[in-house]
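Below is one structure; the comments refer to it alone.
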Amino acid sequence: MQILNRDKWFLHPVFLFGFSVVAMATFLFLCIYWYIEVNAVLEAVIDKFNLDPLQFMEYQAGVIIMVLSLLMGIIMTGILMIFSYSQKTFQLYRLQNNFISSFTHELKTPVTSLKLYLETFLKYNLSVEERRKYLKYMIQDVTRLSDNISSILNLARIESKNYQGEFEIAGLVERVKTIYKEGGHLFENCDINIENNLEHEFYYPINSLLFEMLLMNLATNAVKYNRSEKPKLTISFVLQRKDLYINFIDNGIGINKHEVRKIFRKFYQIGHADDMSAKGSGLGLYMVKNIVRIHNWKIKAASRKNKNGAIFTLILPQEGRKIGNKNIVWEN
Numbered sequence: 079m080q081i082l083n084r085d086k087w088f089l090h091p092v093f094l095f096g097f098s099v100v101a102m103a104t105f106l107f108l109c110i111y112w113y114i115e116v117n118a119v120l121e122a123v124i125d126k127f128n129l130d131p132l133q134f135m136e137y138q139a140g141v142i143i144m145v146l147s148l149l150m151g152i153i154m155t156g157i158l159m160i161f162s163y164s165q166k167t168f169q170l171y172r173l174q175n176n177f178i179s180s181f182t183h184e185l186k187t188p189v190t191s192l193k194l195y196l197e198t199f200l201k202y203n204l205s206v207e208e209r210r211k212y213l214k215y216m217i218q219d220v221t222r223l224s225d226n227i228s229s230i231l232n233l234a235r236i237e238s239k240n241y242q243g244e245f246e247i248a249g250l251v252e253r254v255k256t257i258y259k260e261g262g263h264l265f266e267n268c269d270i271n272i273e274n275n276l277e278h279e280f281y282y283p284i285n286s287l288l289f290e291m292l293l294m295n296l297a298t299n300a301v302k303y304n305r306s307e308k309p310k311l312t313i314s315f316v317l318q319r320k321d322l323y324i325n326f327i328d329n330g331i332g333i334n335k336h337e338v339r340k341i342f343r344k345f346y347q348i349g350h351a352d353d354m355s356a357k358g359s360g361l362g363l364y365m366v367k368n369i370v371r372i373h374n375w376k377i378k379a380a381s382r383k384n385k386n387g388a389i390f391t392l393i394l395p396q397e398g399r400k401i402g403n404k405n406i407v408w409e410n
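Using my numbering, the first residue of the sequence shown is number 79, and each one after it goes up by one.
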């Protein structure tokens, strides 16, 4: 289903807006023209019967023009608002349609794969080595399916502006190492390196579940949008102006300038669902942004200069802040 029928060009919002503007301009022109004509007739009547012109003409011109101009301003403002909301609605529909198509594909693909592997187990007497190989593939598909379902289940909770979660003070360097070590099987083909040239720990209050989700989404993004033979992800800890910068640097395809501000939007995906060039659900980076917001941090993205890949940077302030009943602690 399409929100607009391309054959019916006269129903396109841009055409309707332009047509409305022309119609309103014509209306204003005719009103002024008819006013001048009527005014000329009134002047002729006044001259013919020697009437007092003040009875007819005093303030008449100014009031009528002012009222017409005010009405025109109101009409134009309304048209602009309608056009703006129409475009936003169309964009939202397109994003949701893209999300539904892509997410359906993301759910259907592992299910189809699992069915194929199970049918293979039933039809053939496989060796132990072959069984292990297929079981490994099945576990990967189940993990992929589980991640997609979890992203939907966690979305509403993460979107809440009054998120009530438990925060604990943790060393970020050690926590990042632990999370990627325990989840290493999810990124077997990716070389993940963690650099901390400062050689000391940084303690911040974090929600463990959300922080792990943030790290996993950034790593998944680095692998998903990567055409290198060996995907690489480097996480570095840097102090700038006393704030902590955690850089996630990959060797993937990078980010176009016009998409930098869009990638954190809900349902936004690089590519198109129609040709299946769009990957994932379009929720990963959106959840990352909301997790960052919940922690009172900041995040920015950019392409690497003169190199392939993208850089996602988490910015954590040094100043003591309050999250729930926890205060940030900074230790060297």
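By construction, the Cβ of each residue, glycine as well, lies at the ideal position given by its N, Cα and C atoms.
Using three-state DSSP, classify residue 205 as helix, strand or coil. The residue you call residue 205 lines up with position 127 of the sequence shown. If DSSP states are grouped into helix, strand and coil, residue 205 belongs with coil.
I'd like to know whether the C-beta atoms of residue 245 and residue 283 end up nearer to each other than 7 Å. One-based indexing of the sequence shown puts residue 245 at position 167. One-based indexing of the sequence shown puts residue 283 at position 205. In this structure, residue 283 lies closer than 7 Å to residue 245 by Cβ.
Proximity of residue 256 and residue 325 at Cβ, strictly below 7 Å: By 1-based counting over the sequence shown, the position of residue 256 is 178. By 1-based counting over the sequence shown, the position of residue 325 is 247. In this structure, residue 325 does not lie closer than 7 Å to residue 256 by Cβ.
DSSP beta-bridge partners for residue 246? Translated into positions along the sequence shown, residue 246 becomes position 168. Per DSSP, 284.
Find out if the Cβ-Cβ distance for the pair residue 303, residue 331 is shorter than 7 Å. Counting from one through the sequence shown, the residue named residue 303 turns up at place 225. Counting from one through the sequence shown, the residue named residue 331 turns up at place 253. Yes, they are a contact pair.
Beta-carbon separation of residue 241 and residue 372 under 7 Å? Here residue 241 refers to the residue found at position 163 of the sequence shown. Here residue 372 refers to the residue found at position 294 of the sequence shown. It is a contact, given that the beta carbons lie within the stated cut-off.
Give the DSSP-derived three-state secondary structure of residue 331 in the structure shown. The residue given as residue 331 occupies position 253 in the sequence shown. Three-state DSSP puts residue 331 in coil, outside helix and strand.
Answer yes or no: do residue 243 and residue 295 have a C-beta to C-beta separation smaller than 7 Å? Translated into positions along the sequence shown, residue 243 becomes position 165. Translated into positions along the sequence shown, residue 295 becomes position 217. Their beta carbons are not under 7 Å apart, which means residue 243 does not touch residue 295 by this criterion.
Would you tell me roughly how many angstroms separate the C-alpha atoms of residue 314 and residue 272, rounded to the nearest one? Along the sequence shown, one-based indexing puts residue 314 at 236. Along the sequence shown, one-based indexing puts residue 272 at 194. Rounded to the nearest angstrom, the two C-alpha atoms are 6 Å apart.
Let me check understanding here. Comparing Cα to Cα, which of 233, 203, 218 lies closest to residue 261? For the purposes of this step, residue 261 is taken as the residue at position 183 of the sequence shown. Ranking 233, 203, 218 by Cα distance to residue 261 puts 218 first.
Quick check on this structure: which residue in 207, 220, 169 has the alpha carbon closest to the alpha carbon of residue 193? Here residue 193 refers to the residue found at position 115 of the sequence shown. Comparing Cα positions, the closest option is 220.
Could you work out which residue in 341, 380, 264 is closest to residue 362 when comparing CA atoms only? Start at 1 with the first residue of the sequence shown, and residue 362 comes out as number 284. Cα-wise, what sits closest to residue 362 is 341.
Taking the beta carbon of residue 203 as the centre, do at least 16 other beta carbons fall within 10 Å, making it buried, or is it exposed? Here the question's residue 203 lines up with position 125 in the sequence shown. Exposed is the call here.
If you measure between the beta carbons of residue 333 and residue 297, is that distance less than 7 Å? One-based indexing of the sequence shown puts residue 333 at position 255. One-based indexing of the sequence shown puts residue 297 at position 219. No, the pair does not count as a contact, with Cβ atoms beyond the cut-off.
Judging by CA-CA distance, which residue of 235, 234, 171, 374 is the nearest neighbour of residue 321? Along the sequence shown, one-based indexing puts residue 321 at 243. Among 235, 234, 171, 374, the Cα nearest to that of residue 321 is on 374.
To the nearest angstrom, report how far apart residue 225 and residue 335 are at their CA atoms. To locate residue 225, count along the sequence shown from 1; it is residue 147. To locate residue 335, count along the sequence shown from 1; it is residue 257. Roughly 29 Å separates the two Cα atoms.
Inspect the beta-carbon positions of residue 300 and residue 269 and report whether they are closer than 7 Å. Translated into the one-based positions of the sequence shown, residue 300 becomes position 222. Translated into the one-based positions of the sequence shown, residue 269 becomes position 191. No.
With DSSP collapsed to three states, give me the class of residue 111. Taking the sequence shown and counting its residues from 1, one reaches residue 111 at position 33. Of the three classes helix, strand and coil, the one that applies to residue 111 here is helix, per DSSP.
Could you tell me whether the segment 91-100 touches the segment 155-165, where touching means 3 or more Cβ pairs closer than 8 Å? yes
Around the Cβ of residue 122, are there at least 16 other Cβ atoms within 10 angstroms (buried) or fewer (exposed)? By one-based count along the sequence shown, residue 122 stands at place 44. Its Cβ having fewer than 16 others within 10 Å, residue 122 is exposed.
Cβ neighbour criterion (16 or more within 10 Å) applied to residue 318: Position 240 of the sequence shown holds residue 318. Label assigned to residue 318: exposed.
Excluding the 5 residues preceding and the 5 following residue 248 in the sequence, name in chain order all residues of the same chain whose CB lies nearer than 6 Å to its CB. Taking the sequence shown and counting its residues from 1, one reaches residue 248 at position 170. Correct list, in chain order: 284.
For residue 380: DSSP bridge partner residues: Against the sequence shown, residue 380 aligns to sequence position 302. Per DSSP, 389.
Report the residue from 288, 190, 222, 251 whose alpha carbon sits nearest the alpha carbon of residue 235. Numbered from its first residue, the sequence shown carries residue 235 at position 157. Comparing Cα-Cα distances from residue 235 to each of 288, 190, 222, 251, the minimum goes to 288.
Please check the pair residue 178 and residue 292, which I expect to be a contact at CB under 8 Å, by giving their CB distance rounded to whole angstroms. Counted from its first residue, the sequence shown places residue 178 at position 100. Counted from its first residue, the sequence shown places residue 292 at position 214. Actually they do not touch by this definition, with Cβ atoms about 25 Å apart.
Would you kindly work out how many angstroms separate the C-alpha atoms of residue 311 and residue 347, rounded to a whole number? Here residue 311 is taken as the residue at index 233 of the sequence shown, counted from 1. Here residue 347 is taken as the residue at index 269 of the sequence shown, counted from 1. Using only the alpha carbons, I get a separation of about 21 Å.
Going by the beta-carbon positions, is the gap between residue 161 and residue 93 smaller than 7 Å? As a first step, residue 161 must be located in the sequence shown, where it is residue number 83. As a first step, residue 93 must be located in the sequence shown, where it is residue number 15. No, the pair does not count as a contact, with Cβ atoms beyond the cut-off.
So for residue 310, helix, strand or coil by DSSP? By 1-based counting over the sequence shown, the position of residue 310 is 232. If DSSP states are grouped into helix, strand and coil, residue 310 belongs with the strands.
Give me, in chain order, the residues of the same chain whose beta-carbon lies closer than 8 Å to that of residue 344; leave out the 5 immediate sequence neighbours on both sides. For the purposes of this step, residue 344 is identified with residue 266 of the sequence shown, where counting begins at 1. Taken in chain order, the residues that qualify are 173, 360, 361, 364.
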